[in-house]
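Colleague: Protein chains in written order, with the numbering used here: chain A, 1472 to 1932; chain B, 35 to 436.
Note that beta-carbon positions come from the ideal geometry of N, C-alpha and C, so glycine has one too.
One structure is given below, represented as C-alpha cells, and several questions about it will come after.
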Amino acid sequence: MHSESAIRQPLILGHKTYHDITNDIVAPIENKAPRAWYVLITISSLIALYGIGCILYLIGTGVGVWGLNKTVDWAWDITNFVWWVGIGHAGTLISAVLLLFRQKWRMAVNRSAEAMTIFAVIMAFTFPVIHMGRVWMAYWFLPLPNTFGSLWVNFNSPLLWDVFAISTYFTVSLVFWYIGLIPDFATIRDKVTSPGMKRVYGLLSFGWTGNAKAWTRFEEVSLVLAGIATPLVFSVHSVVSFDFATSVIPGWHTTIFPPYFVSGAVFSGFAMVQTLLLVMRKVMKLESYITIKHIEYMNIVIIVTGSIVGVAYITELFISWYSGVEYESYAFINRATGPYWWSYWAMMTCNVISPQVFWFKKLRTNLAFTFFMSIVVNIGMWFERFVIIVTSLHRDYLPSAWNMFHPTWVDVGIFVGTIGIFFTLYLLFARFFPVLALNEIKSILKISGESYKQQAQHHHH
Amino acid sequence: MNFTFSKRARTISIALMAIGAAATVIGILGDHTDHHQRTWANLFVNGFFFFGIALGTLFFYALQNATETAWSVMVKRVYEGILGFLPIGAGVVVLCLAAGSLGLHHIWHWMDPRVTDPTNAEHYDALIAGKSAFLNLPFFWVRTIAYMATFILFARWFRKQSLALDELSGEALVKRHLLMYRRGALFLVLFAVFSSILAWDWLMSIDAHWFSTLFGWYVFSGMWVSAMVTAVVLVLYLRRKGYMPQVNNSHVHDMGKWVFAISFLWSYLWFSQFMLIWYANIPEEVTWFQSRIDHHPGLLWTMFFINFAVPMVLLMSRDAKRNPRFLIGVGAVIIVGHWLDVLQIVMPGALGHHFHGVGLLEVGMFLLFLGLLIHTVLTTLTKAPLTPVQHPYLEEAVHHSI
C-alpha cells in the first residue's frame, strides 16, 4: 500500500478523473491553436531566420566577422555555448535525479523540461561547430582514421572530451524523452478522430499496446536510463568546466569549477523551465497540474543551487587572495574593479543576491515575480560565463597584449538567433506533443490528487 | 521499544577501547618524533574522522528535515544516537588545536609566531606571513568556537524537539514539525559556509602553502559517506537484535543507496581536484599530490580504490543493498577507506618524512576511538524509544515500499 501524509500539499488540484487528465492534455493538440501561438511562433521564427542568416554569413565569410581578437580569442561564442549547455541541465536532472529521489512533482514538469533540454543542447552544439569556420570539416572532431596523413584528434584535450560528453548526454536525453513519450503518443492515437493524425501518432507510438508487460518494461527502462543519465548530469558540465580549468590561466584554473559549474547549470536550467512553464500553464490552462506548489519547489531548487554558486564565487575570491599568487589575485581584482566590473557585478547581483528573496514564501509563490526572477537568473548566468571567459583572457600575462572585446552585429545576431530557434522548436513541441507526462500523472492521481486526499482524510477521521 | 545496551555489546566496546588504549600506549613509547608529534597527529586524525561521522550525520539529519523526507523518520533515532558522539569528537579536535596553539606540537606550522616574524630570518616564511590576516590565532579561534558552538547547539536542539514531537498530536505536532523543517534549512545555510572554512582551517592549513578551492567540498563529502555507512550498519545491527521491527528492506535499501551515491560524489570530487591539479601541473599546487604520490603511493591509491571502486562495484545491484551481512561487510571496508583518506590528508603535512604509514599507534588509536564511538552511540540509543511514536510522516514512513 502506498500512503501519503495528510500534510503534503496536493499535486493535482480540483476533482479530476483519469478521463479529465487525458482530455486536458490532449485538447490543445486536437483543437485549433490559439491566436497567441501564431503570434509567438511568427515572432520567434523571424528571429530564428535572422540568426540562421547570420550563421550563413559567418560560414560564407569566416570567423573574422566576430569580434574576436588575438588576446580575447574566445568570447560570445563560448559564452553562448556554455550558457545553452547549462540550460540543458534541468530536463535530465528533473527526469533522472528527481526520479531517483522519488519526487512526484517532477511528473508535471519533466516532459517540457526534457524537450527544453534537447533544444538547448542543439543550440549549444551550434557554437563550437560554427566556430570551426570550415563547418564542412566538422566530422574531423570525431576520432576517425583519415586519409590526409597521420592526423588524429587530440585525446588530451578537454575540447574533445566535450564532444564525447555532450553527444552522449544528447543521445541519452533524447532516448529518455522519447521513451516517456511513447505511451502518451499512444493515448493521443486512441483519442484523436482524424485518420491522418491517428496514423502519425500511431507511428510515433511504435504500436504501444499498454498491457501490463509493456508497462513493467517501461518502468524498468526508465530506471536504468535514470541511472545512466544521473552521472551524465554531472559529467557534462564538469567536462565543460575542464575546458577552462585544465589550463594555466588565472581565473580559469581552479579546482572548484566542476561541481560549481554543475550547480550553476541546474540553476540556469530551472530558471529557463520557469520562464517557459509559467507562460505555458496559463496559455494551455494547466494550472491544475502545474500548481503553485510546483513553482515553489522549483524556486527552492533555484535558491539552493544559486547559493551553492554563491559559496563557490566567494571561495574562489578568497582563495585567490589566500594562495598568495600575484596573478590569481589580480585576475579576481580585475574582474571586480577592472574595465569589465559591470559584468562581474551583474553576475553577482543576478545569481547570488537577488535569488535570496526566495527565502520569503510570499515571493516564491508569486507567479509574476517568479517569472521576473527567472529572466534575471538567465541574464546573470550568461554574464557568469562572459565574466569567466572574457575577463580572464583580456588581460593576460603580457600587459602589451591587453585588449578589450567588442561584439559585432554578427555576434549579437547569432546569439539572439539561437534564442529564436529555441523558442520556435519549443512552440512546435507545445503544439504537437503532449506537454505533460499524462500517463505518469495518472499514477499519482489517487495519492496526490486534491479531492482524493480530502476523501482519504475524511475517511480517516 | 527502548534499546538495552546488552552486556555483550558493552564488553565488546570496552574491549575495543582497552586493546586500542594498550596499543596506543605501546605506540606512544615508540614515538620518537619531536613533541610527540606523531601521537598528536594520530589523536587529531581520529578525533576529526569520528567527529566527521557525527557532523555528517547532523548535516544529513538537517537535510532530511528540510526536504520533508518521510522514510528516514523511521530511523531518525539512530541518527540522533550518532549525534551523541558530536561533543566528544568536538572536544578531541579542540584539544588538538589548543595544544597546537600553545606550541605543544607543530602540526599547524603557521601557529608558530616565529614563522610570521620578519625579524626572525631563520624561521620567517613570507608566504605564510602573507596569509596571516586569515591564519592568526585569535581569528582562528573565533571561527573554531563559532562552528563548534553552532553544531553542538543545533544537535541538542534537534534531539530535544524530536523527543518533544512524541508527546504532541494534531495541530501542535504539525507546527513543531514545521519548526524543525525551518531550522533544518537554517542549519544547512550555516553548514554550507562553515563546512568549507573548517576544512581550510583544520586540514588545508596543515600544508599552509598549498590551496585548492574544491578542498572543503571534498572533505565534506568524505564525512557524509562515513556518516551514511555508520547509520546503516547501526540499523542493521539493531534489526538483527530484534529492534525496530517496522524498519523494512526498503528502508535499508534506501540507506544503502545513500552509501552508494555519496561514494560516487566523493569519488567525483576527489578526481576533479586531483585531475585538474595533475593536468595543469603548476608547481605551487602540484606539491600536495606530488609528495603523496612520491612517498605514500600505496596509501593514496589503496584509499582511492577502496572509496571509489569498492562501493561502485559491490553496491551497484539492488540485492546487494538489501543483504544485511553484505552491506555490513562493505560498510566496514568503506569506513576504513575514509579513515585512510583523513590519514593521508593529515599525516604527510604533519609529520613529513617521519610518517611511515599505518603502524601500531595508528591502529591502536583507531580502535580506541571506534570503541568509544560504539559505546557512546549505544548508550545514547538507550535513552529514548527507538521508533518515534508521533510524526506527521510516520504513517508514510511505515508504509515505505520501493
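1) With a 10 Å radius around its C-beta and 16 neighbouring C-beta atoms as the bar for buried, classify B:Ile408 as buried or exposed.
2) Should A:Pro1614 be flagged as near chain B, meaning a C-beta pair shorter than 7 angstroms?
3) Hey, is A:Pro1729's beta-carbon within less than 7 angstroms of any beta-carbon in chain B?
4) Pull up the DSSP beta-bridge partners for B:Asn36, would you.
5) Around the Cβ of B:Gln71, are there at least 16 other Cβ atoms within 10 angstroms (buried) or fewer (exposed)?
6) Would A:Ala1970 be called buried (16 or more neighbouring beta carbons within 10 Å of its own) or exposed?
7) With which residues is A:Pro1483 paired in a DSSP beta bridge?
8) Could you give the DSSP three-state label for A:Trp1607: helix, strand or coil?
9) Contact between the segment 329–341 of chain B and the segment 286–304 of chain B: three or more CB pairs below 8 angstroms?
10) What is the rounded straight-line gap between the Cα of B:Glu102 and the Cα of A:Met1743?
11) Nearest to B:Ser255 by alpha carbon, out of B:Val127, B:Ala226, B:Leu136 and B:His329?
12) Comparing the C-beta of A:Tyr1793 with each C-beta of chain B, is any distance below 7 angstroms?
13) When you compare the CB positions of B:Phe119 and B:Leu412, do they come within less than 7 angstroms of one another, or not?
14) According to DSSP, simplified to helix, strand and coil, what is B:Met238?
15) Does DSSP put A:Phe1572 in a helix, in a strand, or in coil?
16) Would the segment 1907–1918 of chain A count as touching the segment 1536–1543 of chain A if we require 3 or more Cβ pairs under 8 angstroms?
17) From this set, B:Leu349, B:Arg111 and B:Ser246, which residue's C-alpha is nearest B:Leu24's C-alpha?
18) Have a look at A:Met1472 and B:Ala100 and give me their C-alpha separation to the nearest angstrom.
19) Under the rule that 16 or more other beta-carbon atoms within 10 Å means buried, what is B:Leu220, buried or exposed?
20) Excluding the 5 residues flanking A:Asp1655 on each side, which residues of the same chain have their C-beta closer than 7 angstroms to its C-beta?
21) Do you know how far the Cα of B:Gly81 is from the Cα of A:Leu1482?
22) At a Cβ cut of 8 angstroms, what residues of the segment 1706–1718 of chain A count as close to chain B, listed as they run along the chain?
23) Give me the chain A residues within the contact set of B:Ser297, using Cβ-Cβ distance strictly less than 9 angstroms, ordered along the chain.
24) Can you tell which of A:Tyr1528, A:Phe1900, A:Pro1499 and A:Met1587 has the C-alpha that lies nearest to the C-alpha of A:His1644?
25) Is A:Cys1821 near A:Gly1851, with beta carbons less than 7 angstroms apart?
26) Taking 7 angstroms as the CB-CB cut-off, is B:His387 touching chain A?
27) Under 8 angstroms by Cβ, that's how I've got B:Phe389 and B:Trp258 pegged, so tell me the actual separation to the nearest angstrom.
28) When DSSP labels each residue in this structure, what does A:Met1472 get in the three-state scheme?
29) Under a Cβ-count criterion, where at least 16 other Cβ atoms within 10 Å of its own Cβ denotes burial, should B:Met51 be classed as buried or exposed?
30) Contact criterion: CB-CB distance below 7 angstroms. Does A:Ser1871 meet it with respect to chain B?
31) If we cut at 7 angstroms on Cβ distances, does A:Glu1475 have a partner in chain B?
32) A:His1765: which of A:Lys1575, A:Ala1498 and A:Tyr1868 sits nearest, CA to CA?
33) Is the beta carbon of B:Ala88 closer than 7 angstroms to that of B:Ile116?
34) Going along chain A, which residues have a C-beta under 8 angstroms from B:Lys165?
35) Look at B:Glu429 and A:Ser1474 and say whether their C-beta atoms are less than 7 angstroms apart.
36) On the criterion of 16 or more Cβ atoms from any shown chain inside 10 Å, does B:Gly137 qualify as buried, or is it exposed?
Modeller: Quick answer:
1) Burial call: buried.
2) Chain B, which has no Cβ nearer than 7 angstroms to the Cβ of A:Pro1614, makes this no.
3) yes
4) B:Pro419
5) Here B:Gln71 is buried. Its C-beta has 16 or more other C-beta atoms within 10 Å.
6) Residue 1970 of chain A is absent from the model: chain A starts at 1472 and stops at 1932.
7) For the record, residue 1483 of chain A in the displayed sequence is Ile; it is not Pro. In DSSP, A:Ile1483 forms a bridge with A:Gly1920.
8) helix
9) Yes, since at least three Cβ pairs between the segment 329–341 of chain B and the segment 286–304 of chain B fall closer than 8 angstroms, the two stretches touch.
10) 26 angstroms
11) Considering only alpha carbons, the answer is B:Ala226.
12) yes
13) No, the pair does not count as a contact, with Cβ atoms beyond the cut-off.
14) helix
15) coil
16) no
17) Here chain B has residues from 35 to 436 only, and residue 24 of chain B is not among them.
18) Low per-residue confidence applies at A:Met1472: pLDDT is 44, beneath 50, and the placement is therefore not dependable, though the value from the model is reported in the following sentence. Cα-Cα distance, rounded: 26 angstroms.
19) exposed
20) Pro1905, Ala1908, Leu1909 and Asn1910
21) 46 angstroms
22) Cβ contacts with chain B: Ser1709, Phe1713, Ala1716, Thr1717 and Ser1718.
23) Result: empty, since nearest Cβ-Cβ is about 13 angstroms, beyond 9 angstroms.
24) For clarity, residue 1644 of chain A is Ser in the given sequence; the question names His instead. Selected option, being the one with the closest Cα: A:Met1587.
25) yes
26) It does not; no Cβ of chain A falls within 7 angstroms.
27) Incorrect: roughly 26 angstroms between the Cβ atoms, too far for contact.
28) With a pLDDT of 44 at A:Met1472, under the threshold of 50, the modelled position of that residue is not reliable, and the figure given next carries that caveat. Looking at A:Met1472 - three-state DSSP - the assignment turns out to be coil, as it is neither helix nor strand.
29) buried
30) no
31) Judged by the 7 angstroms Cβ criterion, A:Glu1475 is in contact with chain B.
32) Nearest C-alpha to A:His1765: A:Lys1575.
33) yes
34) In chain order: Tyr1793 and Gly1795.
35) yes
36) B:Gly137 should be labelled exposed.
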